[in-house]
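Undergrad:
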Amino acid sequence: MLEQQLVNALSLGCVYALFALGFTLVFGILGVINLSHGAVFMLGAYAALQVVLHFELPLWAALAVGFVVSGVAGLIIDVLLLRPLRRRNAPHLIPMIATIGAGIAINNAMQGVFGAENLRFPAGLVSDASLDLGGIHLTPLELGIIVLSFALMAALMLLLKRTQLGRALRAIAESPKAAALLGINVEGLFLLTSFAAAALGGLSGVLIGLYSNAVFPLMGQPMLHKGIAVIILGGLGDIRGAMLGGLFLGFAEVLSVAYIGSTMRDAVAFGLLFLILLETDMEWFDNFWSVYSNLVLTLGINALLALSIYLTLSCGLLAMANAAFMGIGAYTSALLTMNAEMPFSVALLGGMAAPAVVAVVIGRPTLRLSGVYLAMATLGFGEVVRVLILNTENWTGGALGLNGIPQLTQWWHVAVAVLATLFVLARMRRSKVGRAFEAIKEDETAAGLMGINVAGAKLLAFTLGAAIAGLAGALNAHLTFFIGPNEFGFDRGVEILTMTILGGTNGLTGPVLGSLILSLLPELLRAFKDFRLVVNGVILMVIAAMLKLTSISKRFGGLSVLQDVNIEVPQGSIFGLIGPNGAGKTTVFNLITGLLAPTGGSLTFNGEDLVGKKPHQITQMGIARTFQNIRIFKEMTLLENVVVGMHRHLDYGAPGLLLSLPKYRAAERRARDRALELLSWVKLAHKAHDIADNLSYGDQRKLELARALATEPKLLLLDEPVAGMNTGEKVDLMAEIENIKARGYTIFMIEHDMRFVMGLCERIAVLNFGRIIAEGPPEAIRNDPQGIDFALKAGEITSLVGANGAGKSTTLLALSGLIPKSQGDVRGQILFEGEDVTQWSAHKRVERGIVQVAEGRATLTTMTVRENLELGAYTRNARKDRGQIASDLERVFHLFPRLKERIDGLAGNLSGGEQQMLAIGRALMARPRVLLLDEPSMGLAPIIVQEIFRILRTINAEGLTIFLVEQNVRQALKIAQHGYVLETGEIVLADSGKNLLGNPRVLEAYLGG
């Protein structure tokens, strides 16, 4: 008996796995939870049934038709709904709402056409004979389901793991933009994914229709719930997990039917889901929504339901239990008036109290989840509540519901309830509770640091929302005199969501307005009652299209980012583009690679126009790119990352792929050999089979370079290739780039590190405020006539501020002697106390009292704190000044007590703030007369920054002259007696620090004012 049940469970689990494969495929590749997947599942079953009934086609043809029809439906949903939203970078909430609307429209359109009754496949379509395997009976349908499902699952796994197409899909899953720049047709593969996922859903619909011998319009809804359960059990976007999760759910259902009862199988399945989610710590998915609802009878009750979701959303809670809380309130109040004969007022209070208590109980463990996981956990809870109502017949009436509830609700009850709820919520919004909710919604971490009890505030919002939903349920129960378990499921949640979003969530009037519209809608659609939910679905799709306007928060608008830029990169050269942040450098690369379209002018490459071409087409022309922020495929191996770059060069056709023909094997072998060769170029071949995410930062940069070279580019674009690298890594990369150039590649780079640029580039252009202001060889750019002329007054703090790349650090290097005039890098004069020190070496300047604290601290990490400080006095006579050196050491410890506590510890074990203290203390040990400070606040916590600047004031008050270069413009000018503003190597403003702080130009450019 058990063996037979396991066989049944295996066949059922295979169908669940097929359905979930399509579901998780769309999420993994497109990043969308497609809630119309249940509708295309139903479409496949109907399509197969119709061709069998009307054309008498055989079973295999019916399966094929269901597969294709559902796949085409998936394509249409993608083209009409998802692709436009992708192009507008709509947040995750919007496409999911759109797919809810599509699913509602499809489901109810089919019900309008075919009616709600079950349709059956004709007898004899599938043989009734069965195989007897030692007492286990296996029907041809069950055998076919198992064989077909496992074959499709294995094929999909092999496709994704072993083929170039699979690697392309996995690359898109990690970074569509990076994949496009590797020559992959991202939109084409998005469409392929949508077709394949929907087709798998439709095929599973045909199999379920055959297995249960029932096809009906809403058959996709319970399957959608099960599909969600499966992908959560197996992991979102995990193909193998979807397979295992489907099989697990099939076994759980069959065994629960056998040993617990058929009425409890869904409760067991969703209960397992709920428990698994409570043990899952997955908080990476920031934005999801609350979905639960169906049409209620009055504007007031609808408004209460909409406000219950509004309250939880205002705290950033994306829970899906409001319909369940409404049901708990409805049944509790009904039982109090019917069985306990309690007054209506007591029943209303009980209807609010019961769901509130339940919310407290389930809220404590579940509210640590976020996003889709919180939503799925509360969905599982809601399904358990519905099934429990069905199975507690003595109390709830089971599936028949409760009849004869006293009709006690009057219009004024609803009016008072709505007005009281609005009053309470309005008061809360203007109180610290409301501010706490909004803070948590914006940034939980920051809210906690402000003293807000985040967990307590979340639980409060969740509990109050439950109480309001329970109140709506109690009023509704005593208005309609009947309630049933199906009133409090998925459909009702959709209606609540529609109301809330339709009215808007920026204020309390929005949910009320949304409820008004949807309360009137059924009356307006009375003549079209079979199709009115289709209109509701269309409303959700239209809302999704409208909301894309609010999701666009950053626009170029009328700002001219680039103006008449003319750049010509000679073939076989290394060309550099430099300039401050915001000058438009990365915009140039985005235009070249097709990520942005120019508003004027032309872009040509080898005489061919680039304008209007898509990124993958531009890559195919021979342009490859790396990124300022590394975009490797972290879950792939190094070898796979590089082979993905060869996507456009591998052409062995479908037959070669499917049959593993010699052409296919040879192409794959050549690709792997070439990938290993490129990894050898960047000295990473020994890590070829390591996961890319495990690489160091510098090695990730090298991998991205090798992957770009795999596209066989004629022009290689490098966007800040040494950003974040240490000195050794920069030297290595410089050698590798020179090696690449020697092999005939043309290189166009953006970089802030001037030594790197000057050491590599044969020609450089300077971009500032969207215009090229200089172009030429490195010597010409270095000796550009824009000079710097300023004076430091003894005993004062002078600050030099400006954007990255303006020349601030270069100025300090020139002052400290690290850019010697003897090499022609410095023109003009540097006068110190009336004496020309321009020709002096760096160590001579330190001896005379010009001492610099370098950017990045530059502490000697393998030496102790004591050794670092003692080296600060290196230029002093240790014997003659021994007493004074000891005194200076104590002075440093007085300024920085933490250093004394760690005096014998390694400098490398200090925190960033402590290392900055050590760097300043070491400079003070040289007894400077002028202290040059380069970005002392970089990377430090605000409290440490305040401490550093307090100490700078202290040592300045003792008479020390300080020259400060600092990105924290406000702090730098606040402590300075004098200040200068530097833009692209030129002083553009000079005044007191106080006056510069109030200067509108400084406010606008550097302080966001």
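Residue numbering for the sequence shown follows our numbering, starting at 2 and increasing by one per position. Even glycine gets a Cβ: it sits at the ideal position worked out from N, Cα and C.
#1: Looking only at its chain, what residues have a beta carbon closer than 7 Å to the beta carbon of residue 846, apart from the 5 residues adjacent to it on each side?
#2: Quick one: complete beta strand (DSSP E) runs, 3+ long, within the segment 736-786?
#3: By the 10 Å Cβ neighbour count, where 16 or more other Cβ atoms means buried, how is residue 411 classified, buried or exposed?
#4: Drop a sphere of 10 angstroms on the beta-carbon of residue 674, count the other beta-carbons inside from all chains shown, and report buried for 16 or more, exposed for fewer.
#5: What's the C-alpha gap between residue 962 and residue 756?
#6: Thinking just about the alpha-carbon of each residue, which of 214, 73, 122, 206 is nearest to the one in residue 197?
#7: Quick check on residue 424: buried or exposed, where buried means 16 or more other Cβ atoms within 10 Å of its Cβ?
#8: Where do the ends of the beta strand (DSSP E) carrying residue 48 lie?
#9: For residue 904, I'd like the list of residues in its chain whose CB is within less than 6 Å of its CB, leaving aside the five on either flank, ordered along the chain.
#10: How would you call residue 1, buried or exposed, if buried means at least 16 neighbouring beta carbons within 10 angstroms?
#11: Rounding to the nearest angstrom, what Cα-Cα distance links residue 14 and residue 201 in this structure?
#12: Rounding to the nearest angstrom, what Cα-Cα distance links residue 1053 and residue 146 in this structure?
#13: Name the DSSP bridge partner or partners of residue 853?
#14: Measure the C-alpha to C-alpha separation of residue 29 and residue 22 and round it to an integer number of angstroms.
#15: Would the segment 110-117 count as touching the segment 208-227 if we require 3 or more Cβ pairs under 8 Å?
#16: Does DSSP put residue 217 in a helix, a strand or coil?
#17: Cβ of residue 611 versus every heavy atom of the ligand GDP: is any distance shorter than 7 Å?
#18: From the DSSP output, in three-state form, read off residue 121 for me.
#19: Taking buried to mean at least 16 other C-beta atoms within 10 Å of its own C-beta, is residue 966 buried or exposed?
#20: Please classify residue 700: does DSSP put it in a helix, a strand, or coil?
#21: Does residue 18 pass the burial test, meaning 16 or more other C-beta atoms within 10 Å, or should it be called exposed?
#22: Please classify residue 991: does DSSP put it in a helix, a strand, or coil?
#23: Using the three-state DSSP reduction, which class does residue 547 fall into: helix, strand or coil?
#24: Three-state secondary structure (DSSP) at residue 981?
#25: Leaving out five residues before and five after residue 48 in sequence, what residues of the same chain have Cβ atoms less than 6 Å from its Cβ?
#26: Between the segment 462-469 and the segment 353-365, are three or more C-beta pairs nearer than 8 Å?
#27: Can you have a look at residue 108 and say buried or exposed, based on whether 16 or more other CB atoms are within 10 angstroms of its CB?
#28: Quick check: the segment 386-405 against the segment 313-332, are there 3 or more CB pairs under 8 Å?
#29: Taking a contact to mean a Cβ-Cβ separation below 8 Å, would you say residue 748 touches residue 738 in this structure?
#30: Using CA atoms only, rank isn't needed, just tell me which of 251, 214, 215, 336 is closest to residue 231.
#31: Let's see if you can read the secondary structure: which residues bound the alpha helix (DSSP H) around residue 907?
#32: Could you check whether the segment 716-733 touches the segment 625-645, counting it as contact only if at least three pairs of C-beta atoms, one from each stretch, sit closer than 8 Å?
#33: Between residue 189 and residue 77, what straight-line distance do the alpha-carbon atoms span, to the nearest angstrom?
#34: Should residue 368 and residue 463 be called a contact, given that it needs their Cβ atoms to be closer than 8 Å?
#35: Is DSSP giving residue 449 helix, strand or coil here?
#36: Would you call residue 56 buried or exposed, if buried means 16 or more other Cβ atoms sit within 10 Å of its Cβ?
TA: Reading off the structure:
#1: 817, 818, 838
#2: 747-751, 764-769, 772-777
#3: exposed
#4: exposed
#5: 28 Å
#6: 73
#7: exposed
#8: Taken as a continuous stretch (DSSP letters only), residue 48 belongs to no beta strand (DSSP E), being part of the alpha helix (DSSP H) at 38-56.
#9: 866, 867
#10: Residue 1 lies beyond the stretch modelled for the chain, which goes from 2 to 1010, so this question has no answer here.
#11: 15 Å
#12: Within the shown structure, residues of the chain are numbered from 2 to 1010, placing residue 1053 beyond reach of any answer.
#13: 933
#14: 10 Å
#15: yes
#16: coil
#17: This structure simply doesn't include the ligand GDP, nor any ligand for that matter.
#18: coil
#19: buried
#20: helix
#21: buried
#22: strand
#23: Bear in mind that a pLDDT of 34 at residue 547, under 50, signals an unreliable position, so the number given afterwards is only what the model happens to contain. Here residue 547 sits in helix by DSSP.
#24: strand
#25: 66, 67, 70
#26: yes
#27: buried
#28: yes
#29: yes
#30: 251
#31: Looking at the DSSP string, residue 907 is not in any alpha helix (DSSP H), and its letter there is neither H nor E.
#32: yes
#33: 14 Å
#34: yes
#35: Its pLDDT being 47, under 50, residue 449 is placed unreliably by the model, and the measurement read from it follows with that caveat. In this structure, residue 449 counts as helix in the three-state DSSP scheme.
#36: exposed
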